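**Q** Let me give you the structure first, and then I'll get to my questions.
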Amino acid sequence: MKKQSYLTAPTFAPELEDKFSGFTEKRARPVVAFIYWIGGILPLVFMLSDYFNDAYRFDELLLTRSIYMVFWATITFATLSKWRLLTLTQSMLLYVAVGMCYVPYLNMIVGERYVQVVPTALFYLFGIVISQLGAKMALKAGLISCVMPTLLLLAFDKFNQAERNIVFLMFVWGIATWVASLILEKINRRLFLYEHDLDQANRHNQELREKEAQANRFKSDFLAQMSHEIRTPLTAILGYAESYFSEGLSRETKDGTVRTIRQNGEHILTLVNDILDLSKIEAGKLQIEKLNTNWLNVIEQVQQMQAEQAYKKGLEFNLDYHYPLPTEIITDPTRLKQILINLTSNAIKFTAHGSVNLAVSYSREQNTLLFILKDSGIGMSNTMLTGLFKPYHQGDISVRRNYGGTGLGLYICKQLVEKLGGEIKVRSTEGQGSTFTFSIKAEQTASSELIYQSEGQSQKPNHEASMGLKVQLAGHVLIAEDNTDNRKLITLKLEQLGLQVTQAEHGEQAVEKALLNDFDLILMDIQMPVMSGEEAIEIIRASDGDIPCRINR
């Protein structure tokens, strides 16, 4: 249905309320107030004109005008007072009805001088239109309201003295209309801008509420998935641990039981580490170390670890070096390894056939390392790619059901990559695999060299072949750990390396033993009874700053 204009609408008030509906009705009230002001001031102007120029006419119309003024005052009060007894539509309809009754009755009383009254009635109605147009068309409305009285009187071809007075009064009223329209335009513009800002703020708040609700849904799903991810390996650990002590088990079966317990324990540890990293990220406490790093060793460790996992699934895991490459850079080796393991593990998990390929290159201009990981797995749709690096996001339900996981890995990877001075991107086609590309800042150390390889060679750079060698150490280590099982386990591992170990159950005990003995290394837990690890370390370092202390966070 075509919307009617101001001039063609059956009544002006409904059109007015359509334009200023809802909470913007306050914009319409100044316009209506101006209309009522015109409706009251105009009869008063005519009364004063008759009082000074035509006493007979003044006496003849006094009662009629007084009745009109009473109606006018009542309607105005009922509409614009704080009680607002009438809506804008009701008051405008009533106001127009009173005016239309008043003008013909005035015409009947005046009789032979009706020609003077007809322009008055037209001015009255036209004033309503002009006033409503004023807020939107201030300039045009003002010009029309000034010129129209003269044009109307010329149309009736009556230009005697009395009508010239009317023309003068109408011209003055037109100027007042123009000025008032400009004022209304300024007020309404201010109101509109305020309401526009308010509307934007409301939309922004609504978007925030929707995002918060979505985040809460993701968190609820995450907690449900996390409980499943933890409960499942715990069940396996407890079940296999109980079966280990069963009679009649072969050595091979017991070894398999221990391997299963270890695998499930590592899975739980990965989940817990992800949760801890997430909490640090959200708290803004994720710390990155800057160490001189033989990053090629890190890459080789990841390759050896993931190649075995890929082999178990019948996949190829290929590593391609694009030379030249630096031998040593300044970065956080632990976080770099975490990123690579997370991405390569995902690639292997979501690939059933084919291969996983990792390519590494170095840009001397940008001083960055670039990693490109490509798989031939299930790929991802555009919808899945949209929220891929958001926390708790894991594609659709089928992915979660078929492949498991918590939806934290890629989010953590993105945060770590950015902390290392790079960025991460992904390209994927559903059913054809995915390609992850990420970079990190790779400032070379003073002792770093660039490794070049002639075209056509495929051998890998020489690395320190320390993997697989049995290491024997010498030294005295202090372990401060309140958990008995962890303390015994760490002691066992260190003693297997040939180290002498002294144990402490809390921070205060660790301080006492550290001050009485010479230790080559102190391993300190943070959250312990009596005295925390951080307090203990401060005291120990204050007394002997030469002892290296490793804090377990």
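Following the UniProt record's numbering, the numbering of the sequence shown begins with 1 at its first residue and continues without gaps.
Cβ coordinates follow ideal geometry from the N, Cα and C atoms, glycine included.
Quantities reported herein were computed from a predicted structural model and do not represent experimental measurements.
#1: Does the stretch 228-244 touch the stretch 256-263, meaning 3 or more C-beta pairs lie closer than 8 Å?
#2: Terminal residues of the continuous alpha helix (DSSP H) containing H476?
#3: Is the CB-CB distance between R487 and Q509 below 8 Å?
#4: In chain order, what residues of the same chain lie with their CB nearer than 7 Å to the CB of D18, ignoring the 5 residues before and after it?
#5: How many angstroms separate the CA atom of R65 from the CA atom of R209?
#6: From this set, Q496, S428 and P43, which residue's C-alpha is nearest V70's C-alpha?
#7: Quick one: residues in its chain with C-beta nearer than 6 Å to the C-beta of W295, no 5 flanking neighbours on either side, listed in chain order?
#8: Check the C-beta distance from I540 over to I522 and give it rounded, since I have them as a contact under 8 Å.
#9: Identify the continuous alpha helix (DSSP H) that holds residue 641 and give its terminal residues.
#10: In chain order, what residues of the same chain have a beta carbon less than 8 Å from the beta carbon of F52, not counting five sequence neighbours either side?
#11: So, helix, strand or coil for M380, using DSSP?
#12: Would you check if the stretch 295-309 and the stretch 418-428 touch, i.e. whether three or more CB-CB distances between them fall below 8 Å?
#13: Span of the beta strand (DSSP E) holding H322?
#14: Assuming G377 and F350 make a contact with CB atoms under 8 Å, what is their CB distance in whole Å?
#15: With a threshold of 6 Å on Cβ separation, who are the neighbours of D50 within its own chain once the five nearest residues in sequence on each side are excluded?
#16: Considering Cα atoms alone, identify which of L478, I339 and G40 is closest to V511.
#17: Hey, would you say L269 sits closer than 8 Å to P391, going by beta carbons?
#18: Three or more beta-carbon pairs under 8 Å between the stretch 354-367 and the stretch 318-335, yes or no?
#19: So within the stretch 405-442, which uninterrupted alpha helix (DSSP H) runs reach at least 4 residues, ignoring any that extend past its ends?
#20: Out of G256, L416 and L271, which has the shortest C-alpha to C-alpha gap to T334?
#21: So what's F71 in DSSP terms, helix, strand or just coil?
#22: Between A442 and T331, how many whole angstroms is the CB-CB distance? I'm expecting something under 8 Å.
#23: Reducing DSSP to helix, strand and coil, say where T293 ends up.
#24: Any idea which residues DSSP pairs P333 with across the strands?
#25: Which of the three DSSP states, helix, strand or coil, is assigned to D54?
#26: Keeping to the same chain, check which residues put their C-beta closer than 8 Å to that of residue 620; ignore five residues upstream and five downstream.
#27: What does the alpha-carbon distance come out to for the pair G39 and L61?
#28: Going by Cα to Cα distance, which pick from A241, T293 and L410 is closest to D274?
#29: Could you tell me which of E481, H267 and Q496 sits nearest to Q527, measuring between CA atoms?
#30: Roughly how far, in whole angstroms, is the beta-carbon of K414 from the beta-carbon of L286, given that I think they are within contact range, below 8 Å?
#31: Which residues bound the beta strand (DSSP E) around L370?
#32: Report the option in D375, A446, I451 and S447 whose CA atom is closest to the CA atom of S428.
#33: Can you tell me the Cβ-Cβ gap for I440 and L336, rounded? I've got them flagged as a contact below 8 Å.
#34: Helix, strand or coil for T502? Go by DSSP, reduced to three states.
#35: I need the DSSP call for I261, collapsed to helix, strand or coil.
#36: Can you have a look at L340 and say buried or exposed, based on whether 16 or more other CB atoms are within 10 angstroms of its CB?
**A** With the given structure in hand:
#1: Taking a cut-off of 8 Å for Cβ pairs, the stretch 256-263 and the stretch 228-244 touch, as three or more such pairs fall below it.
#2: Taking the first residue of the sequence shown as 1, we reach residue 476 at position 476. That residue, H476, is in no alpha helix (DSSP H); its beta strand (DSSP E) goes H476 to A480.
#3: Residue 487 sits at position 487 when you count from the first residue of the sequence shown. Residue 509 sits at position 509 when you count from the first residue of the sequence shown. No, Cβ-Cβ distance for R487 and Q509 is not below 8 Å.
#4: In the sequence shown, the residue the question calls residue 18 occupies position 18. The predicted position of D18 is uncertain, since its pLDDT is 47 and thus under 50; no value can be drawn from it.
#5: In the sequence shown, the residue the question calls residue 65 occupies position 65. In the sequence shown, the residue the question calls residue 209 occupies position 209. So the alpha carbons of these two residues sit roughly 58 Å apart.
#6: Taking the first residue of the sequence shown as 1, we reach residue 70 at position 70. Put simply, of Q496, S428 and P43 the residue whose alpha carbon is nearest the alpha carbon of V70 is P43.
#7: Translated into positions along the sequence shown, residue 295 becomes position 295. So the qualifying residues of the chain are I329.
#8: On the sequence shown, position 540 is the one that residue 540 refers to. On the sequence shown, position 522 is the one that residue 522 refers to. The pair is a contact, with the Cβ atoms about 7 Å apart (cut-off 8 Å).
#9: The question about residue 641 has no answer here: the residues shown for the chain are numbered 1 through 553.
#10: Residue 52 sits at position 52 when you count from the first residue of the sequence shown. Around F52: no qualifying Cβ.
#11: In the sequence shown, residue 380 corresponds to position 380, counting from 1. In the structure shown, M380 sits in coil (DSSP, three-state: anything other than H, G, I, E or B).
#12: Touching, no.
#13: Residue 322 sits at position 322 when you count from the first residue of the sequence shown. Segment E316 to H322, the beta strand (DSSP E) holding H322.
#14: Locating residue 377 in the sequence shown gives position 377, where the first residue counts as 1. Locating residue 350 in the sequence shown gives position 350, where the first residue counts as 1. Separation of the CB atoms of G377 and F350 is rounded to 4 Å, and the pair is thereby assigned contact status at 8 Å.
#15: Here residue 50 refers to the residue found at position 50 when the sequence shown is read from its first residue. Excluding positions up to five away in sequence, the list reads R57 and F58.
#16: On the sequence shown, position 511 is the one that residue 511 refers to. For V511, the closest of L478, I339 and G40 by C-alpha to C-alpha distance is L478.
#17: Position 269 of the sequence shown, counting from 1, holds the residue named residue 269. Position 391 of the sequence shown, counting from 1, holds the residue named residue 391. Going by C-beta atoms, L269 is not nearer than 8 Å to P391.
#18: Touching, yes, given that three or more Cβ pairs across the two stretches are closer than 8 Å.
#19: Counting whole runs of 4 or more residues, the stretch 405-442 contains the alpha helix (DSSP H) stretches 409-419.
#20: The sequence position of residue 334 within the sequence shown is 334, counting from 1. Nearest of G256, L416 and L271 to T334, Cα basis: L416.
#21: Sequence index remark: in the sequence shown, residue 71 carries index 71 (1-based). If DSSP states are grouped into helix, strand and coil, F71 belongs with the helices.
#22: Here residue 442 corresponds to residue number 442 of the sequence shown, with the count starting at 1. Here residue 331 corresponds to residue number 331 of the sequence shown, with the count starting at 1. Confirmed, about 7 Å.
#23: If you number the sequence shown from 1, residue 293 lands on position 293. Reduced to three states, the DSSP call for T293 is strand.
#24: Here residue 333 corresponds to residue number 333 of the sequence shown, with the count starting at 1. Under DSSP, P333 forms no beta bridge with any residue.
#25: On the sequence shown, residue 54 is found 54 positions in, with the first residue counted as 1. Coil, per DSSP.
#26: Look at the range of the chain in this structure, 1 to 553, and you will see that residue 620 is not part of it.
#27: Along the sequence shown, read from residue 1 onward, the residue named residue 39 stands at position 39. Along the sequence shown, read from residue 1 onward, the residue named residue 61 stands at position 61. Going from the Cα of G39 to the Cα of L61 covers about 16 Å.
#28: Locating residue 274 in the sequence shown gives position 274, where the first residue counts as 1. Minimum Cα distance to D274 is reached at L410.
#29: Locating residue 527 in the sequence shown gives position 527, counting from the first residue. Comparing Cα positions, the closest option is E481.
#30: Position 414 of the sequence shown, counted from the start, is the residue given in the question as residue 414. Position 286 of the sequence shown, counted from the start, is the residue given in the question as residue 286. The Cβ separation is near 12 Å, so there is no contact.
#31: Here residue 370 refers to the residue found at position 370 of the sequence shown. Per DSSP, L370 is one residue of the beta strand (DSSP E) stretching across T368 to D375.
#32: Counting from one through the sequence shown, the residue named residue 428 turns up at place 428. Of the candidates D375, A446, I451 and S447, the one whose C-alpha sits nearest the C-alpha of S428 is D375.
#33: What you label residue 440 is simply residue 440 of the sequence shown in a count that begins at 1. What you label residue 336 is simply residue 336 of the sequence shown in a count that begins at 1. That pair is a contact at about 7 Å.
#34: Working through the sequence shown from its first residue, we reach residue 502 at position 502. Three-state result, T502: strand.
#35: Taking the sequence shown and counting its residues from 1, one reaches residue 261 at position 261. Here I261 sits in helix by DSSP.
#36: The sequence position of residue 340 within the sequence shown is 340, counting from 1. L340 is buried by the Cβ-count criterion.
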